[in-house]
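There are 2 protein chains.
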Amino acid sequence: MQNSFTEENYLKIIHALSGREGLEVTTNALAESTSTRAASVTDMLRKLADKGLIHYKKYQGVRLTESGEKVAISVIRKHRLWEVFLVEKLGFGWDEVHEIAEELEHIASKELVERLDSFLGHPRFDPHGDPIPDAKGNLTEPDYLILTDVGVGEKVLMMGVLDHAPSFLQHLDRSGITLGCVLEITEINDYDKSASVRINGSNSLFISLEVSKNLLVQRR
Amino acid sequence: MQNSFTEENYLKIIHALSGREGLEVTTNALAESTSTRAASVTDMLRKLADKGLIHYKKYQGVRLTESGEKVAISVIRKHRLWEVFLVEKLGFGWDEVHEIAEELEHIASKELVERLDSFLGHPRFDPHGDPIPDAKGNLTEPDYLILTDVGVGEKVLMMGVLDHAPSFLQHLDRSGITLGCVLEITEINDYDKSASVRINGSNSLFISLEVSKNLLVQRR
DNA sequence: AAAAAAATTTAGACTACCCTAAAAATAGAT
DNA sequence: ATCTATTTTTAGGGTAGTCTAAATTTTTTT
Numbered sequence: 001m002q003n004s005f006t007e008e009n010y011l012k013i014i015h016a017l018s019g020r021e022g023l024e025v026t027t028n029a030l031a032e033s034t035s036t037r038a039a040s041v042t043d044m045l046r047k048l049a050d051k052g053l054i055h056y057k058k059y060q061g062v063r064l065t066e067s068g069e070k071v072a073i074s075v076i077r078k079h080r081l082w083e084v085f086l087v088e089k090l091g092f093g094w095d096e097v098h099e100i101a102e103e104l105e106h107i108a109s110k111e112l113v114e115r116l117d118s119f120l121g122h123p124r125f126d127p128h129g130d131p132i133p134d135a136k137g138n139l140t141e142p143d144y145l146i147l148t149d150v151g152v153g154e155k156v157l158m159m160g161v162l163d164h165a166p167s168f169l170q171h172l173d174r175s176g177i178t179l180g181c182v183l184e185i186t187e188i189n190d191y192d193k194s195a196s197v198r199i200n201g202s203n204s205l206f207i208s209l210e211v212s213k214n215l216l217v218q219r220r
Numbered sequence: 221m222q223n224s225f226t227e228e229n230y231l232k233i234i235h236a237l238s239g240r241e242g243l244e245v246t247t248n249a250l251a252e253s254t255s256t257r258a259a260s261v262t263d264m265l266r267k268l269a270d271k272g273l274i275h276y277k278k279y280q281g282v283r284l285t286e287s288g289e290k291v292a293i294s295v296i297r298k299h300r301l302w303e304v305f306l307v308e309k310l311g312f313g314w315d316e317v318h319e320i321a322e323e324l325e326h327i328a329s330k331e332l333v334e335r336l337d338s339f340l341g342h343p344r345f346d347p348h349g350d351p352i353p354d355a356k357g358n359l360t361e362p363d364y365l366i367l368t369d370v371g372v373g374e375k376v377l378m379m380g381v382l383d384h385a386p387s388f389l390q391h392l393d394r395s396g397i398t399l400g401c402v403l404e405i406t407e408i409n410d411y412d413k414s415a416s417v418r419i420n421g422s423n424s425l426f427i428s429l430e431v432s433k434n435l436l437v438q439r440r
């Protein structure tokens, strides 16, 4: 049987919340993420468990089964490929594409996904730096650093963001921080942990701890 | 309030069935087209009427209101633009795109549609020769001939199809009949109204009345 | 113009997904 | 180890969209 729009969203969110260790996800966390009440989550969990998509024991939280994992990763693949399309082909900003991709990710056709992938040149990362699962369902999370883990004087490459909120991404745009740029921490303020950062070797600016916490980077 | 996937489908189908004269559409015709029962159609009609999207009097059939027409045409615009995308950019055959576009046509973002339109170079017709409504909602149906109305010796341009069934389109592919090709009727068989047709001035083939009835053409 | 046939609507019910309120289970504090 | 707070589940219910069966209206036939 086909999975509904709603079921796919639950699986996607369970995947995101269980992290790379595949930890148990709680009912309340799901209620929060799906903007529904805990009671509604319980209903859906029973249903997903009946379909063999999650491991579920009452009061014990949930994990994806292998089959549930497959569905979740397929949805993530579609979401991220469509985001690449929207940014690369249609010229949307990286702050504008999430909502639209939330709808596009549920289009079923397998053939469509593979042709889209090929049309886009088999991109490995989406416009926010998130890795795109391959056609076989392999998803390898690169182990980036968070900018807060980088010391003064170090030069790093900007590889992704943790926060996908439009307001955060627009803030980065205004600061001139883009995927792939070189960041060099020139100073860290002891008092509030705000930092001075040089971008691509030239203009320098202050960024708050809040921003640093959400920037994924890589040593070169 | 937003219109649901299902509501949009009803409006689109009412538009199609009422033709360019905007004739009343019957409950049974809608039940047939939506693959549901007449009772279900009645329920939905009451709902659409409450929302001001259709004119509905019990037992009297329905017509779209101006606001319903706007929604229907927007859905048609999206459907046909996505079909162009699927064929022109992703390399699908014209026989493969209908189902996928049935899903894509319900993606809401207005911005997406306008950017897609622009990315595709503002196409006027979809891969089946159907006209694409413009951004303001103007839809002008070109007045093509049906091939059965063309006499022996006449040369016409192949402009569209009435039947969108994959099997019919595949049959045209095998016959070498494509959008824009020149068809010349060399002979019409009096017995079964099958015809001999020259394609682009060269190879000749037989086509049945059934096929002729579904080909839209234009005198040059 | 009445009877028969066909089309349409109403009545009552089902599934998916969501809700609130109350009950039950787990976790935390003393 | 028990009591309390928190989390989760159950119970009962609502809306959207579908169904079947029965009632009603319109159309067709005679």
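Quick mapping for you: the protein sequence lines, in order, are chains A and B.
Throughout the first sequence, residue numbering follows the numbering used here, covering 1 to 220 in sequence.
Throughout the second sequence, residue numbering follows the numbering used here, covering 221 to 440 in sequence.
Glycine is no exception: its CB is placed at the ideal position from the N, C-alpha and C atoms.
Can you name, in chain order, every residue of its own chain whose Cβ lies under 7 Å from the Cβ of residue i, other than the five neighbours on each side?
i	result
S432/B	L367, T368 and A415
N248/B	A258
I352/B	R297, R300, L301, P343, R344, F345 and D346
A49/A	Y56
E141/A	R20 and P131
Pull up the distance between the alpha-carbon of residue i and that of residue j, whole angstroms please.
i	j	result
P386/B	T254/B	19 Å
H79/A	E105/A	5 Å
L429/B	K413/B	6 Å
S422/B	C401/B	11 Å
V87/A	D130/A	14 Å
V25/A	G61/A	5 Å
M159/A	N189/A	24 Å
L157/A	L145/A	10 Å
Q2/A	R440/B	49 Å
D393/B	G19/A	49 Å
I14/A	H164/A	18 Å
E227/B	E187/A	58 Å
V333/B	I327/B	9 Å
T42/A	E66/A	21 Å
V370/B	K51/A	57 Å
S260/B	A31/A	33 Å
Y411/B	K278/B	46 Å
S338/B	H171/A	28 Å
K319/B	D363/B	Sequence inspection shows Glu at residue 319/B; the Lys mentioned does not correspond to that position. Straight-line Cα distance between these residues: approximately 26 Å.
Can you find the residues in the same chain that come closer than 6 Å, C-beta to C-beta, to residue i, ignoring five residues on each side of it along the sequence?
i	result
L116/A	L81
L169/A	W94 and D95
G288/B	L231, L273 and I274
G357/B	K290 and I293
E83/A	V97, A101, D126 and P127
E184/A	K155 and R198
L139/A	I73 and P133
L225/A	Outside the shown range of chain A (1 to 220) lies residue 225/A, about which nothing can therefore be said.
F225/B	H326
I207/A	A195 and V197
M447/B	With chain B running from 221 to 440 in the structure shown, residue 447/B is simply not present.
Going by C-alpha distance, which of the options is nearest residue i?
i	options	result
E322/B	K330/B, I296/B, R344/B and K309/B	I296/B
K375/B	V417/B, E331/B and G281/B	V417/B
F305/B	E286/B, Y279/B and H342/B	H342/B
L179/A	Y191/A, N214/A, T186/A and V150/A	N214/A
E111/A	E99/A, L139/A, A135/A and L64/A	A135/A
L382/B	L268/B, Y411/B and V437/B	V437/B
F92/A	S329/B, Y276/B, S224/B and E319/B	S329/B
G458/B	V372/B, S338/B and L284/B	The question about residue 458/B has no answer, for chain B in this structure spans 221 to 440.
T256/B	N229/B, H391/B and Y279/B	N229/B
Among residues of its own chain, excluding the 5 on either side of residue i, which ones have a beta-carbon nearer than 8 Å to its beta-carbon?
i	result
L425/B	S395, G396, S416, V417 and I419
L120/A	L81, V84, F85, E88 and K89
G372/B	Going by the sequence as given, residue 372/B is Val instead of Gly. Excluding residues within five positions, the ones whose Cβ falls inside 8 Å are I405, T406, E407 and I408.
K232/A	No statement about residue 232/A is possible, as the shown extent of chain A runs from 1 to 220 and does not include it.
Worksheet item: Looking at chain A, which residues of the segment 293 to 312 of chain B have a Cβ within less than 8 Å of any of its Cβ atoms?
Response: L306, K309, L310, G311 and F312
Item to complete: Check each residue of the segment 103 to 125 of chain A: if its Cβ is closer than 9 Å to any Cβ of chain B, include it; give the result in chain order.
Response: Those would be E103, L104, H106, I107, A108, S109, E111, L112, R115, L116, S118 and F119, in chain order.
Worksheet item: the segment 349 to 360 of chain B: which residues have C-beta closer than 8 Å to a C-beta of chain A, in chain order?
Response: none
Worksheet item: Which of the residues in the segment 170 to 200 of chain A, read from start to end, lie with their CB under 9 Å from any CB of chain B?
Response: none
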